[in-house]
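The listed protein sequences correspond, in order, to chains H and R.
Under our numbering, the first residue of the first sequence is numbered 42, with each subsequent residue one higher.
Under our numbering, the first residue of the second sequence is numbered 34, with each subsequent residue one higher.
All residues carry an ideal CB built from backbone N, CA and C; glycine is no exception.
Here the structure is a predicted model, which means the values were calculated and not measured.
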Amino acid sequence: MAQKHTTTVVIGAGHSGLAMSYRLRERGIDHVVLERGQIADSWRHGRWDSLRLLTPNWQAELPGARYSGTDPDGYLTMPEVVDHIVDYARIASAPVVSSTAVERVSAIDGGYRVQTDAGEWHAKTVVAATGACTLPNIPALADGVPAGVRQLSPLDYRSPAMLDDGGVLVVGASASGVQLAEEIALSGRRVVISTGEHVRMPRTYRGHDIFWWMHHAGVLDERYDEVDDIVRARHVPSPQLIGSPERRELHLGTLQDHGVEVVGRLGMIRDGVALFSGGLANVTRLADLKQERLLDRFDEWALQSGRADGIPPHRPEPVTVPAQPRLKLDLVAEGISTIIWATGFTADYSWLDVPVVDRKGRVVHDGGVTEAKGLYVLGTSLLRRRRSTYINGAAQDSDDLAAHLDATLAGDSRAARVPA
Amino acid sequence: MTITETPAAEVDNGVNSDALLAARDQLREAPEAAEFVWRATSEWKSGTHSVQTIEHFDGLGTDQQHKSAYVLEGDHPAIFAGSDEAPTPVETVLAALAGCLTAGIAAVAQNRKIQLHSVTATLEGKHNILGILGGDPDVRNGFNEIDVHFDVKADATEEEIAALVAQSQKRSAVFDALTNPTTVNVSVG
Ligand SMILES: Cc1cc2nc3c(=O)[nH]c(=O)nc-3n(C[C@H](O)[C@H](O)[C@H](O)COP(=O)(O)OP(=O)(O)OC[C@H]3O[C@@H](n4cnc5c(N)ncnc54)[C@H](O)[C@@H]3O)c2cc1C
Chain H
42 MAQKHTTTVV IGAGHSGLAM SYRLRERGID HVVLERGQIA DSWRHGRWDS LRLLTPNWQA
102 ELPGARYSGT DPDGYLTMPE VVDHIVDYAR IASAPVVSST AVERVSAIDG GYRVQTDAGE
162 WHAKTVVAAT GACTLPNIPA LADGVPAGVR QLSPLDYRSP AMLDDGGVLV VGASASGVQL
222 AEEIALSGRR VVISTGEHVR MPRTYRGHDI FWWMHHAGVL DERYDEVDDI VRARHVPSPQ
282 LIGSPERREL HLGTLQDHGV EVVGRLGMIR DGVALFSGGL ANVTRLADLK QERLLDRFDE
342 WALQSGRADG IPPHRPEPVT VPAQPRLKLD LVAEGISTII WATGFTADYS WLDVPVVDRK
402 GRVVHDGGVT EAKGLYVLGT SLLRRRRSTY INGAAQDSDD LAAHLDATLA GDSRAARVPA
Chain R
34 MTITETPAAE VDNGVNSDAL LAARDQLREA PEAAEFVWRA TSEWKSGTHS VQTIEHFDGL
94 GTDQQHKSAY VLEGDHPAIF AGSDEAPTPV ETVLAALAGC LTAGIAAVAQ NRKIQLHSVT
154 ATLEGKHNIL GILGGDPDVR NGFNEIDVHF DVKADATEEE IAALVAQSQK RSAVFDALTN
214 PTTVNVSVG
């Protein structure tokens, strides 16, 4: 197949790649968006049925498009998210080439060679917007899971109906873990949830959604080059939250009310027996203390900005966990038929054949700009600011990176004009 | 100008937290250097009495050595028909936990610019010895529970002190070793 040429190849037609396309069009930069599946593929195939966004609808704005539905404070369902992103692709007039998987990107003279399963592209610049949550992060200790115990990740779990009647061990208590533990417990199954360090937040505080507070009090605007320890900050698990019409709270306390057993971090599976940390009380204490500090910060901001609105602060109760939590669970003997690894996700850059990937498979970048000239990443956790982790961050991030990309191209053409 | 702000007193807990943070950043770049091996040797004396010596370890890509060789001993108390020359090894475990958590509190306090005045701890290991005596198959050999109580005096609020103690557990090697399973390979000959 003949190779095609363009100035910029954007890889991935999720909201990040589409936002970038919008910015490139704004600047008149010729580009394509290559997508291995369809627009919004991750939301079509990699999410469970009952999932709604954690972030309120008003935060689903993208460059050049605001949320214009009737429920700005609601939380989109998965079909609604797909529609939202498909609509956005139309608004952005994004030149999406679907069913085209990028298999390799390598540097060639003056740019990049992009090999796909449907032909080859040459481009001066490449933006990888392939998603931060493409692969489940399954710990090596999963090797010890006895045969016969089914293992799922949140990317392939759909609903309790796909499980048999046995017990379920959910490993990990970030947003995915607590949401799945809740719905599986409500389906009548025995659920044990294993938790290491986690982040707890109330759904609403003083009459506003927690994301309202984070947005207005400036939390989401903290920049990647200002946070204390960026490596750590980029790996902080998602908060225990759920988007529901009734805005219900979800944390280890509410899970225990539904009969879920909370145990410490899974340390090892030995002879079919899962062994859990005895440090459970400390991780819940850490999460409560951290939540208090966040709410202190909001109170302080409310006072200074006069946004207190008269609703008095009401602090969530600390979570209580069993004084002597279970340390062992014999998986087969205790009838655990499924383990769900809600242990986080990673990006997949296995196709990237440019030396910007570290020993852990992560792209090394400075706010999305890699050391390889003209190669960018977009849509990863805390890429440029806390907001970057969310749909809401794409507008600013894509603008910043498009400006950099534009300047790089301009530098190239200036350089080209300088006589040798 | 006739008046200026008095500079805030420097917080000094005797911990060089800048060096620790610099080490963290360097080790992220050179992860092999972060692989340490700690060592102890041990020799039986008589009865339940033995002596452990700690001097060398590996780290930062090379052999390292303490200022001098440190000696610990283990024995059993008279009620177990021991000669009680030294603490019971389980007590040494409590001491190690206290040493590790206390070091952590000092390091975290320094990093958070909190001046410490005193840090004391009392530890209790709850242990049903029917396990080690083989008297009840349902009783484990090790501790059933450990209680650690800290008293910390510092220029900080109660919440900040609670956060210090919580953070020190989060970053403690001995706390981790006790609360999580570890593979232990024992060979002979
Ligand atoms: C369970 C879950 C819930 C989330 N909830 C929220 C939320 O409530 N609010 C919020 O703001 N964010 C949320 N996020 C975070 C984030 O918004 C999503 O992960 C979002 O999908 C990221 O968008 P993206 O465009 O960066 O990547 P993706 O949506 O993953 O898009 C990447 C695209 O690239 C394509 N692709 C990947 N590799 C290749 C390749 N080699 N060649 C061609 N195409 C490729 C994929 O098919 C995909 O379409 C959630 C994430 C998860 C996992």
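For the alpha helix (DSSP H) holding residue i, just list the boundary residues, first then last.
i	result
Ser79 of chain R	Where Ser79 of chain R is concerned, there is no enclosing alpha helix (DSSP H), although the beta strand (DSSP E) it sits in stretches over 74-79.
Phe69 of chain R	Per DSSP, Phe69 of chain R belongs to no alpha helix (DSSP H) and is neither H nor E.
Gln202 of chain R	191-203
Ser217 of chain H	216-227
Asp171 of chain R	Where Asp171 of chain R is concerned, there is no enclosing alpha helix (DSSP H), given that its DSSP letter is neither H nor E.
Tyr116 of chain H	Per DSSP, Tyr116 of chain H belongs to no alpha helix (DSSP H) and is neither H nor E.
Val186 of chain H	Unbroken run through Val186 of chain H: none, as it is neither H nor E.
Ala274 of chain H	271-274
Ala60 of chain H	56-67
What does residue i reach in chain H if we use C-beta pairs closer than 7 Å?
i	result
Phe208 of chain R	Gly320
Glu178 of chain R	Gln365
Which chain R residues are close to residue i, counting only those with a beta carbon under 9 Å from its beta carbon?
i	result
Met309 of chain H	Asn213, Pro214, Thr215, Thr216
Leu316 of chain H	Asn213, Pro214
Please decide whether residue i counts as near chain H, where near means a Cβ-Cβ distance under 9 Å.
i	result
Gln143 of chain R	no
Ala55 of chain R	no
Glu68 of chain R	no
Pro64 of chain R	yes
Ala196 of chain R	yes
Glu248 of chain R	Given that chain R is displayed from residue 34 to residue 222, the structure contains no residue 248 of chain R and the question cannot be resolved.
For the beta strand (DSSP E) containing residue i, name the first residue and the last one.
i	result
Val143 of chain H	143-149
Thr125 of chain R	No beta strand (DSSP E) contains Thr125 of chain R, which is instead part of the alpha helix (DSSP H) from 122-144.
Ala164 of chain H	160-169
His93 of chain R	Note that residue 93 of chain R is Leu in the sequence shown here, rather than His. Per DSSP, Leu93 of chain R belongs to no beta strand (DSSP E) and is neither H nor E.
Ala187 of chain R	178-187
Trp382 of chain H	377-382
Lys45 of chain H	45-52
Met309 of chain H	307-311
Val73 of chain H	72-75
Tyr153 of chain H	152-157
Arg191 of chain H	191-193
Whose Cβ in chain R lies nearer than 7 Å to the Cβ of residue i?
i	result
Leu327 of chain H	Ala199, Lys203
Asn323 of chain H	Ala199, Gln202, Lys203
Any C-beta of chain R sitting closer than 9 Å to the C-beta of residue i?
i	result
Val459 of chain H	With a pLDDT of 42 at Val459 of chain H, under the threshold of 50, the modelled position of this residue cannot be trusted; read the value that follows with caution. Taking Cβ atoms only, chain R never reaches closer than 9 Å to Val459 of chain H, which makes this a no.
Glu358 of chain H	no
Ala456 of chain H	A caution first: Ala456 of chain H carries a pLDDT of 49, below 50, which makes its placement in the model too unreliable to give a value.
Ala233 of chain H	It should be pointed out that residue 233 of chain H corresponds to Val in this sequence rather than to Ala. It does not; no Cβ of chain R falls within 9 Å.
Glu333 of chain H	yes
Arg306 of chain H	yes
Leu370 of chain H	no
Arg403 of chain H	no
Arg400 of chain H	yes
Ala214 of chain H	no
Check the Cβ of residue i against every Cβ in chain R and list those closer than 8 Å, keeping chain order.
i	result
Glu238 of chain H	Lys203
Leu330 of chain H	Glu192, Ala195, Ala196, Ala199
Please state whether the Cβ-Cβ distance between residue i and residue j is less than 9 Å.
i	j	result
Leu75 of chain H	Val138 of chain H	yes
Leu327 of chain H	Gln200 of chain R	yes
Ile377 of chain H	Gly207 of chain H	yes
Val50 of chain H	His86 of chain H	no
Ile162 of chain R	Leu211 of chain R	no
Val219 of chain H	Leu293 of chain H	yes
Glu238 of chain H	Val303 of chain H	no
Arg247 of chain H	His355 of chain H	yes
Val314 of chain H	Ala222 of chain H	no
Ser217 of chain H	Ala383 of chain H	yes
Leu446 of chain H	Gly415 of chain H	yes
Ala119 of chain R	Gly107 of chain R	yes
His56 of chain H	Gly402 of chain H	no
Is there at least one non-hydrogen atom of ligand 3 closer than 8 Å to the beta-carbon of residue i?
i	result
Cys174 of chain H	In terms of ligand content, the structure shown lacks ligand 3 and carries ligand 1 instead.
So with CB distances below 8 Å, who are the chain H contacts of residue i?
i	result
Ala154 of chain R	Per Cβ cutoff of 8 Å: no residues; Ala154 of chain R is ~15 Å from chain H at best.
Glu191 of chain R	None at all; the shortest Cβ gap to chain H is about 11 Å.
Under 9 Å between beta-carbons, which chain H residues line up against residue i? List them in chain order, please.
i	result
Arg224 of chain R	A query on residue 224 of chain R cannot be resolved here, the shown segment of chain R reaching from 34 to 222 and no further.
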